[in-house]
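J.:
Protein chains: 2
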Amino acid sequence: MTNRERLLLAARELFLEQGYDASVDAIISRAGVARQTFYNHFQNKECLFAEAVRCCVTDIIAPLSVQPDSLRDSLINFAQVYRQRALSPEGISIYRILISQAQRFPDLIRELSGLGDGQMIGSLASFLRHAITDGRLCQVDPDFAAEMLMAMLIGQERTQRLFGVPRQTPDESLKAEQVVDGFLRMFAPEQGA
Amino acid sequence: MTNRERLLLAARELFLEQGYDASVDAIISRAGVARQTFYNHFQNKECLFAEAVRCCVTDIIAPLSVQPDSLRDSLINFAQVYRQRALSPEGISIYRILISQAQRFPDLIRELSGLGDGQMIGSLASFLRHAITDGRLCQVDPDFAAEMLMAMLIGQERTQRLFGVPRQTPDESLKAEQVVDGFLRMFAPEQGA
DNA sequence: TTAGAGGTAGACTACCTAGTCTATTTCCGT
DNA sequence: ACGGAAATAGACTAGGTAGTCTACCTCTAA
């Protein structure tokens, strides 16, 4: 493990824990590396932050494979993966840090805004578009439908976790199913068609 | 206008603009007040912050009157008010600042978490409960339904605004209607009942 | 007139932070 | 063995912040 990797790992951990306020001292201390070594590998703290955040985002928002065997099963599978990732402690932390530093790093945020939820909405929308042309869903703007589904899947839970008010989730996989079934009812093909 | 009010106003403006990093110097300077005057009225910066945030939250999340004339009209009225408030610049800023300071002020956040979205879900759920017993909606957990409606109304827009990526909203009042109509389809009474 | 409350300006302490610089050491390839 | 690249410890600069303290001012009420 190179010193650079050690620094990135320590930075990821500390930034996720403490936000951008995590000090360079703390990072090099956790990495077990000298101050100057840090500045040999990174121009400054902002560069390290940008790189660490990029790693976190691409790590958490992995591509998801939608198998078009059954519409409901595909959506439920997506729903569970999405919920699991977006509501995980890492998912919540990275969301918090992006929001709190959005004003300081507008370029970085713009660079990453296509990723995350945005990317997922895109791929989900194109999947839904096929279902619509196949008549398995009613005529509806696929982007709108995708956004509704994603919104319902996260709902109030992300906010509660961001606020540090975790609630008991006895029905983890159940919720994803409930939402998907509601979604299918909402956008079911018209009866008359 | 008393010095205390001047300080609170300046604090609200600066905290909403810059977050908790807004310095005491900047606040007293905008308030046009001496340093010692500030410490005469507030124990320290944290107390001022707590008070300013309390004002902002209670200002933005005003009670909403749901008139039970028509279910659809009531929901649309609620939807428009909720969207207008939650997506306003002040609504976005206060949401951002609460999230970014949630770890530093856990007690304050706990105190305010019942307000905002939480409070709205409660009153909306009790309204929906009546509609369910009246047979105007299908049998469903009213809290779940309320959460779904609120989630769809905000959707991805809050995130985009938090990230500073505002999108064009040509269809402002239309979106609220679309969501409410989708919601009513999702939770329509069962045909067989 | 005077005493006191509250405001003002600004110095001051104590502390933290990012980033630079220096002198020394370690280690690897030739 | 040796030379150079990279790492280390730690001092140092420059700047910012919260909060305290002192000395002075201003206005009001007894």
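Line by line, the protein sequences give chains A and B. The numbering of the first sequence is my numbering, which starts it at 109 and goes up by one. The numbering of the second sequence is my numbering, which starts it at 109 and goes up by one. Note that CB positions come from ideal geometry on N, CA and C, so glycine has one too.
(1) I believe residue 169 (chain A) touches residue 193 (chain A) by the beta-carbon criterion, under 8 angstroms. Please report the beta-carbon distance rounded to the nearest angstrom.
(2) Where does residue 276 (chain A) sit, in a helix, a strand or coil, going by DSSP?
(3) Would residue 177 (chain B) pass as an interface residue toward chain A - the criterion being a Cβ-Cβ separation below 8 angstroms?
(4) Under the three-state reduction of DSSP, which class applies to residue 243 (chain A): helix, strand or coil?
(5) For my contact list, residue 213 (chain A) and residue 134 (chain A) are in at a C-beta cut-off of 8 angstroms; report their separation, rounded to the angstrom.
(6) So that I know if they touch, is there some Cβ in chain B lying closer than 8 angstroms to that of residue 255 (chain A)?
(7) The alpha helix (DSSP H) that contains residue 128 (chain B), what's its start and end?
(8) According to the Cβ coordinates, are residue 233 (chain A) and residue 259 (chain A) closer than 8 angstroms?
(9) Of the residues B:165, B:132, B:173, B:120, which one's Cα is nearest the Cα of residue 153 (chain B)?
(10) Leaving out five residues before and five after residue 275 (chain B) in sequence, what residues of the same chain have Cβ atoms less than 8 angstroms from its Cβ?
(11) Any heavy atom of the ligand MN inside 7 angstroms of the beta-carbon of residue 194 (chain A)?
(12) For residue 121 (chain B), which residues from the same chain have a beta carbon less than 8 angstroms from its beta carbon, with the 5 sequence-adjacent residues on both sides left out?
(13) If we call anything under 8 angstroms between Cβ atoms a contact, is residue 191 (chain B) one with residue 261 (chain B)?
(14) Counting only Cβ-Cβ distances shorter than 9 angstroms, please list the residues of the segment 207–229 of chain A near chain B, keeping chain order.
(15) If you follow the alpha helix (DSSP H) that residue 152 (chain B) is part of, which residue opens it and which one closes it?
(16) Taking 8 angstroms as the CB-CB cut-off, is residue 307 (chain B) touching chain A?
(17) DSSP three-state label for residue 250 (chain B), please.
(18) Using only alpha-carbon positions, find the residue among B:230, B:198, B:288 that is nearest to residue 270 (chain B).
(19) Whole angstroms is fine: what's the gap from residue 297 (chain B)'s alpha carbon to residue 173 (chain B)'s?
(20) Taking the alpha carbon of residue 256 (chain A) as the reference point, which residue from B:185, B:286, B:280, B:167 has its own alpha carbon closest?
(21) Give the single residue among B:226, B:273, B:181 whose Cα lies nearest to the Cα of residue 289 (chain B).
(22) Please check if any C-beta of chain B sits within less than 8 angstroms of the C-beta of residue 109 (chain A).
(23) List the residues of chain B that residue 259 (chain A) touches, going by C-beta distances under 8 angstroms, in chain order.
(24) Give the DSSP-derived three-state secondary structure of residue 306 (chain B) in the structure shown.
(25) Our contact map puts residue 124 (chain B) next to residue 141 (chain B) with C-beta atoms below 8 angstroms; I'd like the distance itself, whole angstroms only.
(26) Output yes or no for whether 8 angstroms exceeds the beta carbon distance between residue 223 (chain B) and residue 236 (chain B).
(27) Going by alpha carbons, who is nearest to residue 252 (chain B) out of B:226, B:117, B:119, B:281?
(28) Expressed to the nearest angstrom, what Euclidean distance is found between the alpha-carbon atoms of residue 208 (chain B) and residue 216 (chain A)?
(29) Tell me the DSSP secondary structure of residue 121 (chain B) in three-state form.
(30) Is residue 182 (chain B) helix, strand or coil when you go by DSSP?
(31) Enumerated in chain order, which unbroken segments of the alpha helix (DSSP H) with a length of 4 residues or greater are wholly contained in the segment 191–271 of chain A?
T.: To lay it out plainly:
(1) 7 angstroms
(2) coil
(3) no
(4) coil
(5) Not a contact, Cβ separation roughly 20 angstroms.
(6) yes
(7) Counting along the chain, residue 128 (chain B) falls outside any alpha helix (DSSP H), and DSSP gives it neither H nor E.
(8) no
(9) B:132
(10) 265, 268
(11) This structure does not include the ligand MN; it has no bound ligands of any sort.
(12) 138
(13) yes
(14) 207, 208, 209, 210, 211, 214, 217, 218, 220, 221, 224, 225, 226, 229
(15) Residue 152 (chain B) -> no alpha helix (DSSP H), and no H or E assigned at all.
(16) Lying before the first or after the last residue shown, residue 307 (chain B) is absent from chain B, which here runs from 109 to 301.
(17) helix
(18) B:198
(19) 25 angstroms
(20) B:286
(21) B:181
(22) no
(23) 259, 260, 262, 263, 264
(24) No information on residue 306 (chain B) is available, as it lies outside the stretch 109 to 301 that chain B covers here.
(25) Their Cβ separation, rounded to whole angstroms, is 19 angstroms, which puts residue 124 (chain B) and residue 141 (chain B) out of contact at 8 angstroms.
(26) no
(27) B:226
(28) 18 angstroms
(29) helix
(30) helix
(31) 197–208, 214–221, 225–241, 250–262, 265–270
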